[in-house]
Structure formats: structure tokens, C-alpha cells
Amino acid sequence: MNPLSQLIEAALFSAARPLTLEELNDLDPDVSLAEVRAAVDQLREHYDFDGHGVEVVELGGGFQILTRPALASALERARVAQRSSRLTAAMLETLAVIAYRQPVGRAEIEDIRGVSGAGVLRTLQERGLIEVVGRSEGMGRPLLYGTTPLFLELLGIADLGNLPRADEFAIALQPPTPTVSPDSDAAAYVEADA
Amino acid sequence: MTAPEAPSLGLGSGNAFVVELEQFTGPLDLLLHLLREEQIEISDIPIARIADQFLRVIHELGLNQAADYLEMASRLVRLKAQMLLPRPGDEEGWEDPRAELVRRLLEYQHIKEIALWMDRMADRRSLRMPRGYLPPPPELPPPPLTLDLLEVLGAVERVIAGILHPVMHSVVARPLNVEAATGRIQALLAERDEISWAEALGPAPSITDVLSTLLALLEMARRGQLVVRQPAPFTPLVIRREPALAAD
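Here the protein sequences line up with chains D and L, keeping their order. Take 7 as the starting number for the first sequence in our numbering and just add one per residue. Take 522 as the starting number for the second sequence in our numbering and just add one per residue.
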């Protein structure tokens, strides 16, 4: 392994969270982002080739060293580590609406789910999976919610582009109704991911 | 749809109304379940039959007091009535009253599929452990914390009862009397050149008398009317009149 890969390995090991390419580049400002990317790949291949118990995973907008799935049950049995608890069906449904409709207000979420759910929104906010990303231009200027990097981490995906496209599911989703002004950053965010 | 936190709120006046929602996440979920059970196409729902079943099920599950379910029930009953109305001659011009319900069901079914996919993804992800395991925090009681007035008053009473000796503090207006102490010392020094601290204090001094005397002595020493001396550490103070006073 080259020195840059070693440095990256040390950083990923010591940080118990995903580190972005930019953060990893801070380790050595003299190298390019592409070189950092190559070094990350080299580290990943190193772990895979030698059959390590951990691997480099791209998720939540960055990279993190995680244990391999096959080892999970042994780790849990020995009480060395514990799987995170599952989300409830109500939380998953709410997350699904927000992930695909963001930025989206509570009224629209409740309308789609057919259930009033302030409690669920609060719980998701407390767990850091969603956040307030703005206010609607509509009546009463209600709060608009969007997903956080922690949400991507929860699913183990790199970015929102890794969500399956809506038309990959059996039934097509209604196109989102415009709730924000077109110049809003949040609206551009949704369009970029559409 | 606007009722807060339904279906956890009861409309009945009696007992607190709690619904176990493990089975269904809402009226649309229940409706989809009924359609699946009957193997019915969403696009062609026999409204009359489904409306009756929906009402029966929410009654059995005790959901008939939950606002979200009630709203759906009334919607179904209205649809049932609309379907009974005679249609205009040509089928083309007929607008299916079920269209809105069908759209919502399809949309909801889609969300459920995504939710299922997310659940699988999160489950797979949770098999990969990060470094730095922290035990999960203990389960907190569900917010919001609800207290009734009697509970709050009871708690206040318990706190007050726990205070054993309330600290009472009485305030006395102008407890120090420096002028009187000054007069007493001047009178004593008019008779003798030297007096002791005990003499300056007078008989049976209180703590305020001690402080008044001390302040009087310091003030008089500052004006040069007397000198305060202590022959050795911890011996009584000796107060001696300054010659200047004698000259007055």
C-alpha cells in the first residue's frame, strides 16, 4: 500500500463516521482529489484481496470502514456489537414520501399516507434522519422536510441518486406538485435527483 | 386528516383510547389489505362490498373512534351512495367517482413498496458494524410527556414537604448604631486616656453592638481622635486618646 492509502486507512479507522473525499484530501493537500479516490480504491481492494474482516464502504456521501455482513451474527452473539433497531412501518412510509418528494410539507405527507403523523416526523427528526430544509411558499408557509446524510447512511447508499428510480417500482408515482418557488435551492435539489 | 395524532386520540368521553397499530399504519393500509385479501383490482373496486367490510373491520379492531379511519369510512359510504346513482346514457361522459380513491391507493401502494425496499436496505446495512460501538440509549417514554393538573400539584406538594426547615431570615432596619458607639467611646476617653476594648463595648454587647463599636473605633482612628493598639497577638485591644483630642 502506498503512503496515501495508509494515511486514508488511519483516518477511516479513527473516525467512527463516513469521511468525504474532500475530508480525506485534507490529510495531504498536495495530492489531487482523483489521487485520493484512487488511494481509497486501493485500500478497498487491499481489504477485499486479503480477505479482511472489514471493508471500505461508500455511503452517506463518504467512505467508512465497516465489518463484513457475514460476521454480524457472531459479533452480535458475543455482544461485541449490536445491529441498529429497525424502523417502524409508519417511519419507513414517512421516510419514503420525504425521500422521493423532498422538499415536502407535512400536509402532503399526511395526504399520501392517509394518516396524521406529527409524532412520526418528530421522531425521524430526533433520530437525525430528516431535517427542515425550508418553508413552502404556500398558505401559512409550512415547514418543508428533506432527508439527511444520516438517512443515506441508514440505507447504506452513497447519495440520493442511488435510490431506485420511481418507475422501477411496479406503479408510477404521481409527479410532485410544485410547492416551492422555482428559484429555491431546495427545488433545484429535487430536480437534480429526479 | 387534520386531527392531531389520530388514531391515538379517542373521541369517546370515557376511557383513554389506545390503538395497537402493529397491523395497519392507516386507513389506506387497511383498505389495501382488504383488497388483497379479496384479490380485487384497485382500478375496479366494488365499493359497496369494500365499504361494508371496512366498517366491519374498523368496528372489530376498535378503530372506529380514530379520526383517520372514520374519515375514510365516511368517504367510502359517500362513494357507495354515488355509485348507486343512475349513470348518464353514454359511458364516455361518466366520471368514475372512485377515480380519486384509486389514485390515492396506487400512490400509497407505491410508497409502501419503497418503504419495503428501504426496510430491506436498512436491514442489510445494519449487518455492517461501524467502529466505536456505543450501547443504544435506554428507551425514553414517548413524547410528548403528558401530565394532568393533579399530578403536577401532587409533585409540587411532595417537593415542598421535602423541605424540612425553611430558612427564615428576618430583616431589621438599621441594626448598627455607630453614632451611639462613638458617643460612648468619646465619653469614656474624656475621663481616661486609655480604655480597653471590653470597656468600649459596654455591658452585655450584642453582635450588632460589637460591629457598631468596631466601625466607630475605625472611623475615630481615621480622624486621628484615637489610636488602637494591640500589645501582642490575641490580646485585648487598647484604645488610647490622641493628644489632639485633649487640646480641643
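Each residue gets a CB set at the ideal place from its N, CA and C atoms; glycine is no exception. Here the structure is a predicted model, which means the values were calculated and not measured.
Taking Pro-757 of chain L as the centre and dropping the five residues before and after it, the same chain places the C-beta of Ser-717, Trp-718, Ala-719 closer than 7 Å to its C-beta, in chain order. Comparing C-alpha distances from Ala-21 of chain D to each of L:Leu-606, L:Pro-651, L:Ala-588 shows the shortest one belongs to L:Pro-651. If you check each beta-carbon in the segment 709-732 of chain L against every beta-carbon of chain D, none falls closer than 8 Å. Of all residues in the segment 613-631 of chain L, the ones placed with a Cβ closer than 8 Å to any Cβ belonging to chain D are Arg-624, Arg-625, Leu-627, Glu-628, Tyr-629, Gln-630, His-631, in chain order. The CB of Ser-647 of chain L comes closer than 7 Å to the CB of Arg-89, Ser-90 in chain D, given here in chain order.
Each of D:Arg-85, D:Gln-88, D:Leu-150 was checked against the Cα of Ile-115 of chain D, and the nearest Cα belongs to D:Leu-150.
Boundaries of the beta strand (DSSP E) around Leu-65 of chain D: 60-65.
Residues of chain D whose Cβ lies closer than 7 Å to the Cβ of Gly-547 of chain L are, in chain order, Arg-119, Gly-120, Val-121. According to the DSSP assignment, Glu-137 of chain D belongs to the beta strand (DSSP E) that extends over 136-141. Neighbours of Leu-72 of chain D across chain L, judged by C-beta separation under 7 Å: Arg-649, Met-650, Pro-651.
The residues Asp-714, Glu-715, Leu-747, Val-748, Arg-750, in chain order, have a CB closer than 7 Å to that of Arg-761 of chain L in the same chain once the five nearest residues on each side in sequence are set aside. Three or more beta-carbon pairs drawn from the segment 86-96 of chain D and the segment 632-652 of chain L are found closer than 8 Å, and the two stretches are therefore classed as touching. Taking a cut-off of 8 Å for Cβ pairs, the segment 154-172 of chain D and the segment 60-67 of chain D touch, as three or more such pairs fall below it. For Ala-572 of chain L, there are no neighbours in chain D by C-beta distance under 7 Å, as the nearest C-beta there is about 16 Å away.
Residues of the segment 587-603 of chain L that bring their beta carbon within less than 8 Å of a beta carbon in chain D comprise Ala-588, Asp-589, Met-593, in sequence order.
Contact with chain L is absent for Phe-55 of chain D, since none of that chain's Cβ atoms lies less than 8 Å from the residue's Cβ. Proximity of chain L to Phe-19 of chain D at the Cβ level (cut-off 8 Å) is accounted for by Arg-652, in chain order.
With its beta carbon less than 8 Å from one in chain D, Asp-644 of chain L belongs to the interface.
In this structure Ala-45 of chain D touches Leu-10 of chain D by the C-beta definition: roughly 4 Å separates them, less than 8 Å.
For Glu-715 of chain L, there is no enclosing alpha helix (DSSP H); the residue is part of the beta strand (DSSP E) that begins and ends at 715-717. For Ile-635 of chain L, the neighbours in chain D by C-beta distance under 9 Å run, in chain order, Leu-98, Glu-99, Leu-101, Ala-102, Val-103, Ala-105, Tyr-106, Leu-169, Pro-170, Ala-172, Phe-175, Leu-179.
With a threshold of 16 other beta carbon atoms within 10 Å, Val-62 of chain D meets it and is buried.
Under the three-state reduction of DSSP, Gly-111 of chain D is assigned to strand. Each residue's CA atom was taken as its position, placing Ser-79 of chain D and Pro-148 of chain D some 44 Å apart. For the segment 37-67 of chain D, residues whose beta-carbon sits nearer than 9 Å to a beta-carbon of chain L comprise Val-60, Glu-61, Val-63, Leu-65. With respect to the C-alpha of Gly-745 of chain L, the residue from L:Gln-707, L:Arg-619, L:Leu-576 having the closest C-alpha is L:Gln-707. For Ala-78 of chain D, the chain L residues whose Cβ falls inside 9 Å of its Cβ are Ser-647, Leu-648, Arg-649, Met-650, in order along the chain. For Thr-73 of chain D, the enclosing beta strand (DSSP E) begins and ends at 68-73. Counting other Cβ atoms within 10 Å of its Cβ, Val-677 of chain L stays below 16 and is therefore classed as exposed. Residue L:Ser-727 holds the alpha-carbon nearest to the alpha-carbon of Leu-697 of chain L among L:Asp-669, L:Ser-727, L:Met-689.
Taking the Cα positions, Met-7 of chain D is about 58 Å away from Thr-667 of chain L.
With a threshold of 16 other beta carbon atoms within 10 Å, Phe-55 of chain D falls short and is exposed. Flagged as an interface residue toward chain L: Ala-22 of chain D, by a C-beta distance shorter than 8 Å. Interface with chain D (8 Å Cβ-Cβ cutoff): Asp-640 of chain L is included. The criterion of a C-beta distance shorter than 8 Å is not satisfied by Thr-154 of chain D and Ala-105 of chain D.
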